[in-house]
Structures are given as structure tokens and as C-alpha cells.
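Q: Just so you know, we're using the working numbering here: the first sequence kicks off at 251 and counts up by one. Before anything else, here's the structure in question.
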Amino acid sequence: MVNDNQKIKKTNLSTQGYRGTRDFYPEDQRLKNYVYTKIHTVLKSFGYEEYNGPIVEHLELYAAKSSEEIVREQLYSFKDKGDRVLAIRPEMTPTLARMVAAKQRELPRPIRWYSIPTCMRFERPQRGRLREFDQLNVDIFGGNPLDEDIEIILTAIEVLKSVGATLEQFEVKVNHRGIINSFLSLNIKAPKELIPQILRLLDKKEKMSSEAFQTECKKIELNEKQINQLEKFIHSSIEDIIIILGENGNDAIELKKRIDILNELTQSNCVKFSPEIMRGFDYYTGMVFEVFDKHPENNRSLFGGGRYDNLVGAFGTEELPGIGYGMGDVAILNFMESNNLTPKLKKETDVCVIRFSENDRLEALKITSNLRSLGIKVEAPVVVSKFGKQIQSAEKSGAKAVVFRGNEELQNNLFAVKWLATAEQETFPNKADGYLNFFEKLKNS
RNA sequence: GUGGCUGUAGUCAAGCGGUUAAGACAAUGGAUUGUGAUUCCAUCAUGCGGGGGUUCGAAUCCCCUCAGUCACCCCA
């Protein structure tokens with residue numbers, strides 16, 4: 251016996267989950283549901299429809315669309331029992347592309363779709379970045395780029411507003427891939443092979459001192475004049491850029507239209523031209539954007555997205571340009587936390603039924619059923635403890651009232667209700683009328 | 001994948017080589033068997049993230065490992 255116990259102790263399992271994953275206890279899940287309900291409501295209000303796909307795909311689907319390093323380092327891949335090489339989805343876009351390509355001819359345009367898939371990436375976790383996360387994906391295709399670009403940013407703004415954010419708490423930084431490309435090739439006259447490195451550097455510029463930036467520029471063999479132009483570029487307004495680019499400034503003019511319309515519409519300045527926003531290196535071809543939390547303790551990117559020329563390229567069907575973005579659930583939860591927007595949510599029970607003894611089980615179950623059939627959320631007692639204890643426990647469940655039938659009530663064919671907020675108590679006849687009457691009072695409480 | 005910091009109960013923590021690991025809050029049971037408060041009493045880590053090692057003796061020192069966090073990397 252003693253040996254057995256020791257053995258059991260030694261082989262105890264760890265309660266720690268896998269690194270970079272989260273447990274959602276009911277209170278966490280409640281918050282997540284609250285946020286997701288808001289998201290669903292906002293996107294449906296724009297006419298977007300929810301879609302979903304499998305959590306695993308053939309590895310080659312990702313290999314075709316993502317960079318080699320990402321596929322090698324950050325993909326959870328494995329072989330199934332039939333030796334097929336699969337991967338857990340690290341993002342939704344390839345699945346979206348596959349789904350759209352498969353039915354491209356029959357889908358009515360414009361296509362407005364969204365999804366909140368759970369994805370996994372093998373990364374080293376830190377605040378705001380886990381291995382398992384949900385990522386809201388919103389995309390629109392088949393319309394006019396100007397209108398689509400405005401709408402997609404608007405949905406992002408409305409999502410944040412729906413969880414209580416004000417326009418002062420975040421900013422939408424926008425750029426256009428065409429602007430930076432024209433500038434680098436025509437004004438800086440940078441060699442093609444240096445462009446990725448320059449983009450990476452500009453992306454990091456915000457975090458660097460001016461000196462560090464200069465040193466880094468010299469490392470990639472930019473001359474004094476080129477560095478000065480770059481520095482000037484990064485601090486330019488959209489109006490300056492239009493002048494600098496001259497006859498090549500069409501993309502800048504287009505971008506300015508979007509900024510002006512969005513700011514006019516929202517009566518704010520939350521949309522800002524930010525030449526340092528890059529969003530990766532391939533893939534995006536038009537407007538790119540990121541939404542940032544302005545709170546100093548969580549100055550992070552919440553949403554990121556942009557316009558692509560052709561979502562379905564690898565599938566060999568006709569081109570389909572569109573725009574979309576992704577937003578991590580971790581990001582929005584952190585945003586709400588840092589801006590004090592996290593609501594205190596209670597369990598949703600309306601009523602708890604109380605029992606007095608082992609003999610009133612059936613009576614209690616009858617009341618419970620009667621209440622439930624009216625659509626009331628009601629908890630039946632599963633232990634008989636002291637009356638006061640049962641009231642306390644009802645309070646914790648978020649109930650507005652406790653309901654019971656003791657000897658007094660049974661004799662007079664009544665049921666009793668104690669309202670927890672006011673401590674007032676009343677009785678109702680134990681028949682249909684009485685239950686309906688109580689139901690009305692509960693709704694209005 | 002690289003480097004730094006951290007890890008004692010549900011939570012916040014004291015302890016810094018020496019007998020049974022402080023304290024607070026929370027929780028549970030009771031004083032009080034049909035009424036939520038307060039008060040009082042009791043219970044609540046054979047164990048210090050996990051595994052080894054050094055030592056007469058380890059939460060404390062060493063090694064490995066797991067996890068969190070920050071900075072890189074990356075950010076589809």
C-alpha cells in the first residue's frame with residue numbers, strides 16, 4: 251500500500267499546459283465570448299459573413315504562400331498515418347484562398363467574409379504573442395479598391411469602438427507599398443537586392459535612435475545622400491510625399507483620399523500616414539495598415555493588413571484582388587486591459603432554487619422545470635445546506651432571486667421568491683399564472 | 001532559435017544553509033437545522049515549478065529541465 255502511494259506520487263502529471271497555450275476557465279471564457287459577440291455583431295452589421303475551414307492543411311499550401319523560414323521554423327507540421335505531410339494552420343489566408351478559388355465562379359461579388367480561427371505558430375512566447383491564438387480575419391474582394399479600403403479600415407475601427415474604445419485610444423497607421431517602392435527605386439535609386447533590407451530597417455526605425463539608424467544604413471552601403479533622403483522621407487507628410495514623387499505620386503494621391511475620407515467620416519484624426527509601416531515583404535501590393543494601441547504601456551500593433559493584387563494566384567484561376575486584415579485575440583484582450591475596458595462579467599444565472607431537506611427533491615425539480623420552460627436560467631440545488639449558505643451561494647452565481655417551496659408554501663400551494671438585491675420576499679401561486687407573473691417581474695428587475 | 005530576469009498555498013507574499021515553511025486576503029466547515037451582515041473558532045504547502053547533485057542538514061548553494069516575462073529574431 252505504502253509503495254503504491256509512493257509510486258502514484260512519483261508519476262503525478264503536471265497541471266501545466268503546453269507552452270504558449272492558454273486555459274480558459276469560465277471567467278476567461280466569459281470575457282472572450284463577450285468580445286467575440288461584439289466582433290460578430292459589428293461585422294454582420296457591415297454585411298460580412300462568417301466562414302471557417304479545417305485546422306490542418308497540406309503543408310504545401312503554406313509552403314507555396316509563406317516564406318521559407320516561416321515554414322521551416324514556425325510551422326507545426328507532421329505526417330498522418332497515410333504519410334501525408336500536414337500542418338496546423340498558422341494563419342487563415344491560405345485556407346481562405348483555397349476556399350475562394352474552389353468556388354470562384356459561383357460566389358456572388360463582392361465577397362465579404364470573416365472568421366476567427368484558432369491558429370498555431372511555433373514561436374517563443376511573450377506578452378501579446380503565444381503559440382496558440384485566435385486571429386480575426388476580415389477580407390473583401392470584388393469591389394472597387396477605394397471603397398473596399400475605406401470599408402475594411404472602418405470595420406477595424408468599429409470593432410475597437412464596440413468593446414468600448416474611443417478614437418483617442420488607438421490610431422490607424424496607413425502606408426502604400428507603391429509609395430515606398432517608387433521612392434526607393436526612383437528617388438533613392440537603391441539597387442533591387444537592397445530593397446528588402448531597407449524595408450526591414452524602416453520598419454524598425456521607430457525603435458532606433460537616429461545614430462543607430464545611420465550606422466545600420468551605412469552597413470548596407472547606402473551613401474550619405476541616400477541616408478538623408480531616407481530620413482527625410484520617414485518624417486514626411488503625405489502632402490510632402492506627393493510633391494517629392496511628382497509624376498510618380500499617384501499611389502500617394504490615392505492613399506490621401508482614403509485618409510481624408512476616413513478622418514472626415516469619423517470626425518477625428520485617428521487615421522495617419524506612416525511611411526514606416528511595411529507589413530512583410532511580399533504579398534501586399536497596395537495600401538497597408540496597422541492599428542496601434544496608444545496606451546504607453548501597451549504600444550503594440552493590434553490589427554495588421556493590406557491590399558493584395560491576387561489572393562488566388564497559386565490556384566491558377568483568374569485574378570482576384572482584395573484587402574484584408576488579421577487581429578489576434580491576445581492583442582485585443584491586452585488592449586482592453588491596458589485601457590481599462592475589461593468588463594466585470596458575472597455568471598448568467600437568473601434564479602437559484604433552494605431546498606430544505608432530502609424529502610423535497612421532486613418538489614424542487616418541478617419548480618426548476620417550470621421556471622426553465624419560461625426561458626429563465628435556473629440552477630437546481632445539488633446539495634442541501636443551510637438556508638443562509640444557499641442564499642450566499644446564489645449570490646455568487648449572479649442570480650437575481652432565490653425560489654423555494656418549504657412546508658408553509660406547500661400547505662398554501664405557493665412558491666416563495668426572495669429578491670437578492672433588495673432582500674424583499676414575496677409569494678406567488680404555484681400555477682401557470684403565478685409563474686408568468688414572476689417571469690414578468692424578473693424581466694423588469 | 002539567442003541573451004537577460006523571475007518561479008514559495010487560489011491570490012499577495014516573509015524566509016537569504018540549522019529544529020514542526022511567517023503573515024494577510026480568499027476559500028471551506030462550525031458557533032447559527034427557514035433567511036445573505038458582523039464577530040469568534042477550526043481547517044487550509046510532509047512541502048518551496050519539476051528532476052538530480054553538494055552537505056550531518058537545502059526553499060536557500062550547484063547542474064539540468066519546465067514555465068512566465070523582457071530584449072533580439074520573426075511577424076504569413
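Beta carbons are placed, not taken as given, at the ideal position from N, Cα and C, and that holds for glycine.
Between the segment 390 to 406 and the segment 498 to 513, do three or more beta carbon pairs fall short of 8 Å?
A: Touching, yes, given that three or more Cβ pairs across the two stretches are closer than 8 Å.
Q: Suppose you measure from the CA of L203 to the CA of E341; what does that come to, to the nearest Å?
A: Because the chain here runs from 251 to 695, residue 203 falls outside it and cannot be looked at.
Q: Is F553 closer than 8 Å to M577 when the C-beta atoms are compared?
A: Against a cut-off of 8 Å, the Cβ pair of F553 and M577 comes out as a contact.
Q: Closest by CA to E547, which one among E300, E318, R377?
A: Residue R377 is the option with its Cα nearest to E547.
Q: Could you round the C-beta distance between E382 and T405 to whole angstroms and report it? I think they count as a contact, below 8 Å.
A: Not confirmed; about 25 Å, so no contact.
Q: Does the count of Cβ pairs from the segment 348 to 365 and the segment 554 to 572 closer than 8 Å reach three?
A: Because the criterion of three Cβ pairs below 8 Å is met, the segment 348 to 365 and the segment 554 to 572 touch.
Q: Within 8 Å, do at least three Cβ pairs link the segment 602 to 614 to the segment 632 to 642?
A: Touching, yes.
Q: Put N255 into one of helix, strand or coil per three-state DSSP.
A: Only weak support is given to the placement of N255: the predicted model assigns it a pLDDT of 33, under 50, and the value that follows is read from those uncertain coordinates. Residue state, collapsed to three classes: helix.
Q: To which residues does DSSP link P679 through a beta bridge?
A: Paired residues: L664.
Q: With the cut-off set at 8 Å, would you say K423 and E540 are in Cβ contact?
A: In contact: K423 and E540 (Cβ atoms closer than 8 Å).
Q: May I have a chain-ordered list of the beta strand (DSSP E) segments no shorter than 3 residues that lie completely inside the segment 448 to 524?
A: 521 to 523, all fully within the segment 448 to 524.
Q: Sorted by chain position, which residues of the same chain lie with C-beta nearer than 7 Å to K455's C-beta, five sequence neighbours on each side aside?
A: Within the same chain, K455 has close Cβ partners F463, I484, E526.
Q: Quick one: what does DSSP say Y697 is sitting in, helix, strand or coil?
A: Because the chain is modelled from 251 through 695, residue 697 falls outside the range shown and cannot be assessed.
Q: Between L583, N500, D559, which lies nearest to S551 when the distance is taken from Cα to Cα?
A: It is L583.
Q: Taking C-alpha atoms, which residue in I366, T465, M349, T535 lies nearest to V562?
A: Out of I366, T465, M349, T535, M349 has the C-alpha closest to the C-alpha of V562.
Q: With C-beta atoms as the reference, is V306 less than 8 Å away from A313?
A: Not in contact: V306 and A313 (Cβ atoms no closer than 8 Å).
Q: Among K681, A581, E466, which one has its Cα closest to the Cα of Q385?
A: Comparing Cα-Cα distances from Q385 to each of K681, A581, E466, the minimum goes to A581.
Q: Who are H426's beta bridge partners in DSSP?
A: In the DSSP output, where bridge partners are listed per residue, H426 has M537.
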